[in-house]
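The structure appears right after this line, and notes come after that.
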Amino acid sequence: MISLKGVIAVSSIVLLFSCGKDPNDPGLEYAPQMAHAIAFEPYSQVTDTSSEFYNTINVNAGGLNQRKPVAGTVARKQYSGMKKGSLANEIFAYNIPADSLEYAAKVLINPIPLSKETVEDGKVLYGRYCQSCHGEGGLGDGKVADQYKGVANLVAKAKVVTDGHIFHVITHGKGRMWPHGSQVNPDERWKIVHYVKSLGSSAQ
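In our numbering, each residue carries its 1-based index in the sequence shown increased by 449.
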C-alpha cells in the first residue's frame with residue numbers, strides 16, 4: 450500500500466517537471482514525420498545528400514520533387530515540337546464554351562485526314578456512343594428515340610452543318626442531347642464527325 454507521503458512526493462515531482470515545460474512543446478512524438486508532413490514546393494529539388502529528406506524524394510531524378518510516370522501508364526498528349534502559338538490555339542479551340550456553337554462551327558477544322566480507315570473508326574465509335582439515339586443510319590430512329598423525343602436526323606444535318614458544328618455538339622450537347630466530351634476524346638470525336646458527314650454525302 451502506498452503511503453500518503455509517497456503520493457505527495459510523486460505528485461510534487463510531476464508538478465515540478467510540468468511547471469518548467471514550454472507549453473508549446475508537445476514533448477516526444479513517435480514518427481513525427483508522419484504527423485508533420487514535409488510540404489515540398491512544386492519542381493523543388495533537395496540537393497543535399499546528407500539531408501534526412503533527400504531519400505524521401507525521387508533520387509533517380511536527381512532529387513526532383515516531381516515523380517516519373519508509373520511504368521505501363523498511358524501518357525497525355527505530348528505537345529513537344531509544336532510551333533510557337535499552336536499549343537495555345539489548340540487548347541483554346543478545345544475549350545470553346547458550350548454557348549458558342551456558331552463560333553465553333555466557323556473556326557474548328559477537322560485535323561484528322563479523311564480516309565477509309567478514319568471513317569471506319571468513326572463508324573465503330575458512332576455505334577458505341579451515338580447509335581442508340583440516332584439510329585444505325587443516322588435517321589434519328591434509335592431505340593432511345595422512341596422514348597426520348599427530339600433526336601436529330603444526322604443524315605439531314607450533315608448536309609448543312611460544318612465539321613466544327615458537329616464536333617461542338619458532341620462535346621457540349623445541344624437541346625436534349627447530353628454532352629459527350631468526358632466520354633469521347635477529341636481525336637475520337639473528329640472521327641465520328643467524318644462518319645456523320647459520310648452519312649450525309651451518301652444520301653445525296
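C-beta: ideal position from N, C-alpha, C; glycine also. These numbers come from a predicted model, not from an experiment.
Burial state of residue i (16 or more Cβ within 10 Å)
| i | result |
| --- | --- |
| Asp-612 | buried |
| Gly-599 | exposed |
| Asp-474 | exposed |
| Ala-601 | buried |
| Arg-638 | buried |
| Ala-607 | buried |
| Gly-455 | exposed |
Where residue i sits in the DSSP three-state scheme
| i | result |
| --- | --- |
| Asp-474 | coil |
| Lys-592 | coil |
| Lys-598 | coil |
| Lys-608 | coil |
CB-CB length for residue i against residue j, believed under 8 Å
| i | j | result |
| --- | --- | --- |
| Tyr-644 | Arg-625 | About 22 Å separates the two Cβ atoms, so there is no contact after all. |
| Leu-603 | Leu-563 | About 17 Å; that fails the 8 Å criterion. |
| Lys-640 | Thr-567 | 6 Å |
| Ala-554 | His-614 | 4 Å |
| Asn-559 | Val-642 | 6 Å |
Whole-angstrom distance between residue j and residue i, CA atom to CA atom
| i | j | result |
| --- | --- | --- |
| Asp-595 | Ile-561 | 34 Å |
| Pro-635 | Leu-477 | 55 Å |
| Val-573 | Glu-585 | 11 Å |
| Val-609 | Val-519 | 46 Å |
| Val-618 | Lys-565 | 24 Å |
| Ala-605 | Gly-589 | 10 Å |
| Lys-646 | Gly-571 | 10 Å |
| Ser-461 | Leu-453 | 12 Å |
| Gly-576 | Ser-631 | 17 Å |
Cβ pair residue i, residue j closer than 8 Å
| i | j | result |
| --- | --- | --- |
| Cys-582 | Val-593 | yes |
| Leu-550 | Lys-623 | yes |
Proximity test, residue i beta-carbon vs the ligand COA heavy atom, cut-off 7 Å
| i | result |
| --- | --- |
| Leu-557 | Because no ligand of any kind appears in the structure shown, any question about the ligand COA cannot be addressed here. |
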